[in-house]
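Residue numbers (our numbering), protein chains in the order written: chain A, 1 to 207; chain B, 1 to 207. Reading through the structure tokens given below for one structure.
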């Protein structure tokens with residue numbers, strides 16, 4: 001499943017009995033949707049005489065939004081890969097003590113990867129939230145509602161990615177890794193919960 | 001732009017200088033993503049001995065989620081059509097008084113359609129929020145986080161659709177239509193703002 005699939009194929013794949021793609025991929029997709037909407041606001045602001053003062057700002061935001069969109073799309077496929085890595089590790093043989101040891105190490109390694117991917121997704125979505133604020137502040141008023149949709153999509157992506165971090169971090173035996181991951185995701189969630197409603201309200205006030 | 005386009009094409013179309021697809025289509029897509037994730041939870045719960053008690057409930061939720069997903073995808077394309085209807089109406093000639101009258105009527109008719117589509121989208125997302133609660137309550141614990149992603153996606157879709165209702169309703173001269181649309185969207189938003197955090201917390205408590 002990748003960005004080359006149709007929307008219908010992606011939705012059918014989600015709804016199906018197959019565990020991938022799942023919520024982790026949707027989290028990344030929502031980040032990408034938010035980033036693309038930020039880009040749209042920039043593209044419909046740049047080059048307009050009325051918004052000449054915003055030209056440099058919108059160009060900078062556009063560059064960052066497009067880079068973030070590319071990151072988010074990479075995480076969509078990475079989420080499927082790490083999920084399969086976890087499933088593969090749990091499926092390893094556990095006959096001998098040697099088997100069990102190999103399996104335990106493989107599971108822990110896979111769980112770390114399956115924590116790092118949603119954490120990276122949450123960071124991506126946090127960047128989109130910040131970019132949506134810049135788009136909402138300086139963007140063309142005719143498309144300002146799209147900055148509001150961007151912030152909601154990225155907020156949903158961040159809170160969705162957080163669920164996968166919470167799930168995997170509990171199974172990780174490396175206490176320091178688990179502590180750092182928990183600490184970071186909690187900070188990202190608290191930050192987003194403060195910013196998202198504020199940015200949405202800013203957009204609403206400009207409609 | 002439709003469900004037959006690839007994800008990449010849809011995102012590129014969003015990010016581009018073209019005003020469609022835009023936030024209204026993303027709102028509908030987020031409703032569809034939420035509905036598809038509810039279906040996934042149902043599909044990975046049904047037929048499992050451990051969840052035999054949830055079989056009837058999950059079958060009912062699946063049927064409703066799939067119907068809601070189809071509705072949301074129809075609204076994705078409808079959003080583009082009504083946006084173009086509004087643009088077309090504003091583009092009508094306004095030389096004579098007759099022209100102006102025709103144009104005024106066409107604009108008002110288009111604005112009503114461009115209010116009804118996001119209102120229908122918000123209703124769709126509200127249904128997904130309710131279905132995600134049923135999935136979170138009775139679904140397979142191994143995929144319960146997907147019910148949490150579903151509720152966040154649908155919540156973002158609803159709040160996004162609301163922005164388009166707010167925008168268009170202000171331009172509508174039929175005061176009774178505007179009053180009813182405002183009243184309904186406000187009720188949907190208040191309801192969603194109560195339910196979504198509660199359902200997300202339920203999911204988090206079950207991880």
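We treat Cβ as the ideally placed atom computed from N, Cα and C, and that holds for glycine.
Inset, instruction - Could you tell me whether the Cβ atoms of residue 43(B) and residue 147(A) are closer together than 8 Å? - result: By one-based count along the second chain, residue 43(B) stands at place 43. By one-based count along the first chain, residue 147(A) stands at place 147. No. Outside cutoff.
Legend entry - Residue of 45(B), 197(B), 66(B), 180(B) minimising C-alpha distance to residue 151(B): On the second chain, position 151 is the one that residue 151(B) refers to. Checking every option, the nearest Cα to that of residue 151(B) belongs to 197(B).
Inset, instruction - Return the chain-ordered list of same chain residues with a C-beta closer than 7 Å to the C-beta of residue 55(B), the five sequence neighbours on each side being excluded. - result: Taking the second chain and counting its residues from 1, the one referred to as residue 55(B) is at position 55. Result list for residue 55(B): 46, in chain order.
Legend entry - Under 7 Å (Cβ pairs) to chain D, residues found in the region 144-161 of chain A: Note that chain D does not occur in the displayed structure, where the protein chains are A and B.
Inset, instruction - Specify the secondary structure class of residue 6(B) as computed by DSSP and reduced to three states. - result: Translated into positions along the second chain, residue 6(B) becomes position 6. Residue 6(B): strand per DSSP, three-state reduction.
Inset, instruction - For residue 84(A), collect the residues of the same chain with a Cβ closer than 8 Å to its Cβ; drop the 5 residues on either side in sequence, then sort them by chain order. - result: Along the first chain, read from residue 1 onward, the residue named residue 84(A) stands at position 84. 20.
Inset, instruction - Answer yes if the region 92-101 of chain B comes into contact with the region 73-83 of chain B, meaning at least three C-beta pairs across the two stretches below 8 Å, and no otherwise. - result: With the rule of 3 Cβ pairs closer than 8 Å, the region 73-83 of chain B does not count as touching the region 92-101 of chain B.
Inset, instruction - List the residues of chain B whose Cβ lies closer than 8 Å to the Cβ of residue 131(A), in chain order. - result: Numbered from 1 along the first chain, position 131 holds the residue referred to as residue 131(A). Correct list: empty, because the minimum Cβ distance to chain B is about 12 Å.
Inset, instruction - Taking a Cβ distance cut-off of 8 Å, strictly less, list which residues of the region 80-104 of chain B are near chain A, in chain order. - result: none
Inset, instruction - For residue 94(B), name the three-state secondary structure that DSSP assigns. - result: Along the second chain, one-based indexing puts residue 94(B) at 94. In the structure shown, residue 94(B) sits in coil (DSSP, three-state: anything other than H, G, I, E or B).
Legend entry - Straight-line gap, residue 37(A) to residue 104(B) (C-alpha atoms, nearest Å): Here the question's residue 37(A) lines up with position 37 in the first chain. Here the question's residue 104(B) lines up with position 104 in the second chain. Between residue 37(A) and residue 104(B), the C-alpha separation is close to 30 Å.
Inset, instruction - Rounded to whole angstroms, what's the CA-CA distance from residue 13(B) to residue 88(B)? Just pull it up for me. - result: Mapped onto the second chain, residue 13(B) falls at position 13. Mapped onto the second chain, residue 88(B) falls at position 88. Rounded to whole angstroms, residue 13(B) to residue 88(B) spans 20 Å at the Cα level.
Inset, instruction - Would you mind sorting residue 133(B) into buried or exposed? The rule is 16 or more other CB atoms within 10 Å of its CB. - result: Here residue 133(B) refers to the residue found at position 133 when the second chain is read from its first residue. Buried: at least 16 other Cβ atoms inside 10 Å.
Legend entry - Contact list for residue 43(B) against chain A, beta-carbon separation under 8 Å: Along the second chain, one-based indexing puts residue 43(B) at 43. Here the neighbours are 15, 16, 17.
Inset, instruction - Report yes or no: is there a C-beta of chain A within less than 8 Å of the C-beta of residue 39(B)? - result: Working through the second chain from its first residue, we reach residue 39(B) at position 39. So, interface residue.
Inset, instruction - Could you run through the region 104-121 of chain B and flag, in chain order, every residue whose CB is less than 7 Å away from some CB of chain A? - result: Those residues of the region 104-121 of chain B that come within reach of chain A (Cβ to Cβ, closer than 7 Å) do not exist; the list is empty.
Inset, instruction - Would you give the residue range spanned by the alpha helix (DSSP H) that residue 43(B) belongs to? - result: Here residue 43(B) refers to the residue found at position 43 of the second chain. Element bounds for residue 43(B): 23-43.
Legend entry - Sequence-distant residues of its chain with Cβ nearer than 6 Å to residue 3(A) (five each side left out): As a working mapping, residue 3(A) is identified with position 3 in the first chain. The residues are 73.
Inset, instruction - Determine the direct distance from the alpha carbon of residue 200(A) to that of residue 212(B), and round the result to whole angstroms. - result: Missing from the structure shown is residue 212(B); chain B here goes from 1 to 207 and no further.
Legend entry - Residue closest to residue 206(A), alpha-carbon to alpha-carbon, out of 166(B), 153(B), 195(B): In the first chain, counting from the first residue as 1, residue 206(A) sits at position 206. With distances taken between Cα atoms, residue 206(A) lies closest to 166(B).
Inset, instruction - Would you check if the distance between the CB atom of residue 35(A) and the CB atom of residue 30(B) is smaller than 8 Å? - result: Looking up residue 35(A) in the first chain gives position 35. Looking up residue 30(B) in the second chain gives position 30. Here residue 35(A) is not near residue 30(B), since their CB atoms are 8 Å or more apart.
Inset, instruction - For my contact list, residue 161(B) and residue 27(B) are in at a C-beta cut-off of 8 Å; report their separation, rounded to the angstrom. - result: Translated into the one-based positions of the second chain, residue 161(B) becomes position 161. Translated into the one-based positions of the second chain, residue 27(B) becomes position 27. Indeed, because the Cβ distance is near 4 Å, the residues count as touching under 8 Å.
Legend entry - For residue 118(B), the nearest candidate out of 8(B), 7(B), 188(B), 41(B) (CA to CA): Residue mapping note: residue 118(B) aligns to position 118 of the second chain, counting from 1. The shortest C-alpha separation from residue 118(B) is found at 188(B).
Legend entry - residue 204(B) to residue 92(A) span [Cα, whole Å]: Residue mapping note: residue 204(B) aligns to position 204 of the second chain, counting from 1. Residue mapping note: residue 92(A) aligns to position 92 of the first chain, counting from 1. If I take the Cα positions, the gap works out to 29 Å.
Inset, instruction - Could you tell me which of 126(B), 173(B), 145(B) sits nearest to residue 192(B), measuring between CA atoms? - result: Here residue 192(B) refers to the residue found at position 192 of the second chain. It is 126(B).
Inset, instruction - List the whole-angstrom C-beta distance separating residue 169(B) from residue 153(B), where the pair is believed to meet the contact cut-off of C-beta under 8 Å. - result: On the second chain, position 169 is the one that residue 169(B) refers to. On the second chain, position 153 is the one that residue 153(B) refers to. Their Cβ separation, rounded to whole angstroms, is 25 Å, which puts residue 169(B) and residue 153(B) out of contact at 8 Å.
Legend entry - Beta-carbon gap between residue 59(B) and residue 131(B) smaller than 8 Å: Taking the first residue of the second chain as 1, we reach residue 59(B) at position 59. Taking the first residue of the second chain as 1, we reach residue 131(B) at position 131. It is not a contact, given that the beta carbons lie outside the stated cut-off.
Inset, instruction - Kindly indicate the opening and closing residues of the alpha helix (DSSP H) around residue 168(B). - result: Mapped onto the second chain, residue 168(B) falls at position 168. 144-169 is the span of the alpha helix (DSSP H), which, as asked, contains residue 168(B).
Legend entry - Under 7 Å by beta carbon: chain A residues contacting residue 123(B): In the second chain, residue 123(B) corresponds to position 123, counting from 1. Residues of chain A passing the Cβ test: none, with the nearest at roughly 17 Å.
Legend entry - Under 8 Å between C-beta atoms of residue 259(A) and residue 122(A): There is simply no residue 259(A) to check, as chain A begins at 1 and stops at 207 in what is shown.
Legend entry - Boundaries (first-last residue) of the alpha helix (DSSP H) holding residue 197(A): To locate residue 197(A), count along the first chain from 1; it is residue 197. Here the alpha helix (DSSP H) through residue 197(A) covers 175-206.
Legend entry - Nearest-angstrom beta carbon gap, residue 140(B) and residue 51(B) [assumed within contact, 8 Å]: Position 51 of the second chain, counting from 1, holds the residue named residue 51(B). Position 140 of the second chain, counting from 1, holds the residue named residue 140(B). Rounded to whole angstroms, the Cβ separation of residue 51(B) and residue 140(B) is 6 Å, and the two are in contact under 8 Å.
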